[in-house]
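Taking it in order: structure first as C-alpha cells, then the write-up.
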Amino acid sequence: MGRNLVIVESPAKSKTIKKYLGKDYEVLASYGHVRDLVPKNGAVQPDKDFAMTYEVIDQNQKHVNAIAKALKGADTLLLATDPDREGEAISWHLYELLKEKGLLKNKAVQRVVFHEITKRAIQEAIDNPRDLATELIDAQQARRALDYLVGFNLSPLLWKKIRRGLSAGRVQSPALRMIVEREKEIEAFDPKEFWTIESDLNFKDKDFSAKLHRYQGEKVKQFSFTDAEAAHAAQAALKSAGGDALVVESVEKKQRKRNPAPPFITSTLQQEAARKLGMSTRNSMRVAQQLYEGIDLGSGPVGLITYMRTDSVNLANEAVSEIRDVIAKRYGKENVPDSPRFFKTKSKNAQEAHEAIRPTSAARTPAEVKPYLDRNQFRLYELIWKRAVACQMIHATMDTVAVEFACGEGNTFRATGSSIRHPGFMAVYLEGVDDQKQENGKEKFLPPMEKGDRVALKDIRADQHFTEPPPRYSEASLVKALEEYGIGRPSTYASIISTLLNREYVELENKRFHPTEVGRVVNDFLTEHFTNYVDYHFTARLEDELDEISRGEKQWVPVLREFWDNFSQLIEDKESLTRKEAIKPRLLGTDPKTGKPVSVRLGRYGPCVQIGDVEDEEKPQFASLRPGQKINSITFEEAMELFKLPRQLGETPEGEPVSANIGRFGPYIRYGNKFVSLKEHDPHTVTLEQALDLIKEKKIADANRIILDFPDAGIQVL
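When you number the sequence shown by the working numbering, it's gap-free, plus one each residue, and the end is 718.
Given below as C-alpha cells:
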C-alpha cells in the first residue's frame with residue numbers, strides 16, 4: 001500500500017485519528033483556514049465576476065510548508081477537514097495552494113468526510129472517498145465575498161459619518177437591531193396596574209390557594225380589577241359571601257403526555273448550555289470542539305461526541321439501537337418505547353446524512369469519563385449524553401386536576417394542580433426555560449377532593465401587580481430568535497454574539513444584552529439609511545440563497561450580482577450625507593442665556609451635549625456626558641449642569657489655581673499648567689482636599705522618575 005497523507009483542521013483531531021490509522025498514514029493539521037482574502041480594497045472584484053484575491057494566513061504558512069513537505073513522500077492526499085461549508089473551503093484552499101506549487105502531479109486527491117471520530121466512522125470515510133463539492137465551496141466563497149463587500153464598503157462610511165473605528169457586518173447588524181429594538185420596547189413600555197384575588201384554603205391539613213375565576217357571573221380576566229378600590233370591594237364581598245368555608249363545585253381530572261425534546265443541534269446546545277450551565281455560546285462551542293476532537297481516556301485520545309456544528313436532529317440507526325439498550329439496562333425496559341423515536345428537522349438545509357449532536361457511544365456514561373475531563377468538559381458531555389438518552393425514552397405521564405369552589409352566588413375560585421404518574425424521560429432530562437416566570441408558573445400538588453366537600457377558607461387576598469416589559473435577550477434567547485428568523489447558521493451563532501461584544505456595540509449585564517450608546521447610534525443609522533440590509537427577512541432570504549447555492553440550485557455569481565448592484569448604488573447615494581443627517585441629535589431644549597438649541601448626540605470622542613449648531617457663526621459649546629448618563633434619557637436640567645465645568649476648586653499651598661474639567665481623554669484636575677487624571681472621582685463633585693491629595697501623589701510619582709536634576713540649566717533627566 002502507498003503512503004497516505006491525511007489533512008485535518010486541528011492537532012487534537014490529528015492525534016485522535018492517527019490512533020485509528022496504520023503506519024501507512026501520516027496525519028497533519030492545517031490549523032484552521034490556510035488562506036483568506038487580502039485585507040484591503042479590491043480583494044473581491046465585482047467587475048470581474050467577483051474574482052477573489054487570496055493570500056496565505058501568516059501564522060499558518062509554516063503549517064502549509066509542513067504539509068507541502070510531507071506530500072512529496074506521499075502517493076495519496078486525503079482531505080479530511082470538517083463536514084460543512086467551512087471544512088470544504090479549507091480543503092479546497094489547500095488543494096489550490098498545493099496545485100499552484102505543482103505538488104499534486106501524479107498524486108491521488110480524495111475528500112473524506114466523517115461526523116464522529118471513531119474507528120468505524122473514519123474507516124467508512126476512507127473506504128468511500130468523494131471529490132471536492134463545488135457547490136459547498138461556491139456557497140462558502142459567496143458568503144465570504146458578501147461579508148467582505150459589506151464590511152469594506154459600509155465601515156468606511158461609518159468612519160466618515162459617525163466616528164472612526166466603527167464597522168458593520170452583514171449578519172451582526174440585524175442581530176444588533178434585535179437587541180436595540182428590544183431596549184426601545186422596554187423604554188417605551190407603560191406599566192399597567194392590575195389586581196388578582198386569591199383565597200387561602202385548607203383541606204385535611206393541606207394548605208393550598210385558589211385564584212378568583214368568576215365574579216358576579218363574569219369570567220375574571222387580567223384587567224378585571226385595575227385599582228385598589230375595585231379589588232378591595234370585591235375582596236370584602238367575597239369574604240362576606242364565603243364565610244369560613246367554600247364548597248367544591250366541580251373536580252375535573254385529566255391525564256396528559258409529555259414527549260422528550262429532540263437531540264441537540266448547534267443552536268439548542270448553545271441555548272441549554274447557557275440556561276443550565278451558564279456557558280457563553282463561544283465557550284460551549286469551544287468545549288464541544290474539544291469533546292469532538294478527542295480526550296485522552298488513558299489509552300489515547302477518543303472522540304466523545306459527534307460533530308457539533310449541525311442543524312439536523314437525525315440519529316444514526318446504530319446510535320438509536322445503542323441508546324435503547326442503555327435505557328433498558330440503566331432505567332428498565334418499561335422506559336423503552338415500542339419503536340424508536342424519529343424527529344423532524346426544521347431546517348430546510350439540514351442534511352439528513354448529518355447527525356444531531358450525541359455521544360459517540362451512549363454506553364460511555366458521564367460517570368465513566370468524569371476522571372478524564374475538566375469541569376466544563378464533564379458538564380457539557382453530561383448534558384449531551386442525557387439529552388440524547390432522554391430523546392429515545394418513553395413519554396412522561398402527568399395527572400392534572402382542576403377544582404372549582406363556590407363562594408356565594410356567581411362567584412368561583414379555581415385551583416389547578418398536577419402530579420407525575422410516570423416520569424419516563426423526565427427522570428433523565430428536562431428542557432430549560434429562558435424566562436424565570438415560566439419556571440415559577442409550575443402547577444402545584446392538590447389534596448384529593450370530591451364535589452360537595454367543604455374546604456376551610458382561611459383568607460382572601462387582593463394583590464397589586466403591574467405588567468412587565470419584555471425581557472432583554474440572553475445569549476440563549478438571542479440564538480433562539482436568530483434561528484427563528486432564519487438569520488445565521490450553526491457555524492455563525494457564536495461569532496455573531498462575540499463580534500457584537502468585541503465591537504462594544506452591546507454589553508452583557510446580569511447575562512442580558514444591553515446596547516451601548518455607540519451600538520444604538522450605529523443601529524439607528526443603518527436602520528434609517530440601509531433599511532433592507534438590517535431587515536430580518538432580507539437577511540434570512542440571503543441566507544436561504546446561500547443554502548440554495550450549497551445544494552446546487554443556484555449559481556453564486558448572479559446572487560452576488562443582484563446584491564452588489566443595489567448595495568453599491570446605495571453606498572454611493574449615502575456619501576453625500578452630512579454628519580448631522582447621519583447622527584440625528586436629540587433636542588433637549590433652549591439655552592436661556594444664548595437662545596441656542598441644546599442637544600445631545602454621539603460625538604467623535606463619545607456622547608456629548610452641544611449648545612448651538614455647527615452652522616452658527618459662533619463655535620458650539622460641548623460637554624461630555626457623565627458616567628451612567630445616556631443619550632436617550634438625559635434631561636435638559638442634567639445637560640445644563642455639564643456646562644458648569646471647568647469648576648474652580650481653590651489653590652495649592654504654592655498658590656497655583658486648581659480646577660476640575662473633562663477633556664478628550666477623560667476627567668482631570670489642572671493645577672497651574674500641569675494636569676492629573678481623575679480616575680475615581682467625578683469632576684462635578686470632587687473636593688479641593690481630594691484634588692490636593694491627587695496632586696501630592698502625582699508630584700511624588702514625578703519626583704521618583706527623576707534620575708538627574710540640573711536646576712541651573714533647567715534640565716531634568718527622567
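All residues carry an ideal CB built from backbone N, CA and C; glycine is no exception.
Asked	Found
Nearest residue (CA-CA) to residue 664, options 450, 300 and 605	605
Residue 76 classed as buried or exposed, judged by whether at least 16 other C-beta atoms fall within 10 angstroms	buried
Three-state secondary structure (DSSP) of residue 677	strand
For residue 221 and residue 246, the rounded distance between their alpha carbons	21 Å
Where the alpha helix (DSSP H) through residue 697 begins and ends	688–705
Sequence-distant residues of its chain with Cβ nearer than 6 Å to residue 461 (five each side left out)	198
Residues that DSSP places opposite residue 202 in a beta bridge	207 and 456
Neighbourhood of residue 652 by C-beta, 8 Å cutoff - its chain only, sequence neighbours within 5 removed	658, 671, 672, 692 and 695
Continuous beta strand (DSSP E) stretch holding residue 336: start and end	That residue, residue 336, is in no beta strand (DSSP E); it is neither H nor E in DSSP.
Minimum C-alpha distance to residue 17 - residue among 113, 69 and 367	113
Own chain residues within Cβ distance below 7 Å of residue 438, not counting five before or after	In this predicted model, residue 438 has a pLDDT of only 48, less than 50, meaning its place in the structure is not dependable; the value taken from the coordinates is given anyway. Same-chain partners within the cutoff: there are none.
Beta-carbon gap between residue 14 and residue 34 smaller than 7 Å	no
Buried or exposed by the 16-neighbour rule on C-beta atoms within 10 Å, applied to residue 419	exposed
Per-residue burial, residue 100 [other beta carbons within 10 Å of its own, 16 or more giving buried]	exposed
Stretch-stretch touch, CB-based, cutoff 8 Å, three pairs: the segment 76–88 with the segment 38–51	no
Residues near residue 125 by beta carbon distance below 8 Å, same chain, minus five either side	80, 112, 113 and 114
Sequence-distant residues of its chain with Cβ nearer than 6 Å to residue 431 (five each side left out)	261
Inter-residue CB distance, residue 501 and residue 142 (contact presumed, cutoff 8 Å)	Contact doesn't hold; Cβ gap of about 27 Å is too wide.
Rounded C-alpha distance that separates residue 202 from residue 248	12 Å
Per-residue burial, residue 705 [other beta carbons within 10 Å of its own, 16 or more giving buried]	exposed
Cβ-Cβ distance between residue 313 and residue 345 below 7 Å	yes
7 Å Cβ shell around residue 702 - same chain, five flanking residues per side excluded	none
7 Å Cβ cutoff met for residue 305 and residue 263	no
Buried or exposed by the 16-neighbour rule on C-beta atoms within 10 Å, applied to residue 159	exposed
Within 7 Å, strictly: CB atoms of residue 251 and residue 398	no
Reduced DSSP category for residue 745 - H, G, I as helix; E, B as strand; rest coil	No statement about residue 745 is possible, as the shown extent of the chain runs from 1 to 718 and does not include it.
Whether residue 294 touches residue 287 by CB criterion (7 Å)	no
Secondary structure of residue 579, DSSP reduced to three states	helix
Alpha-carbon to alpha-carbon, residue 416 and residue 505	45 Å
Counterpart residues of residue 219 in DSSP-defined beta bridges	214
DSSP three-state assignment for residue 502, whether helix, strand or coil	helix
Contiguous beta strand (DSSP E) assignments of at least 3 residues, all confined to the segment 66–142	76–79 and 108–111
In chain order, each alpha helix (DSSP H) run of at least 4 residues that lies wholly inside the segment 293–336	317–331
Reference residue 340, options 330, 355 and 319, closest by Cα	319
Where residue 441 falls: helix, strand or coil (DSSP)	Confidence in residue 441 is poor, its pLDDT being 44 and thus under 50, which makes the residue's placement too unreliable to answer from.
Distance, residue 683 Cα to residue 654 Cα	22 Å
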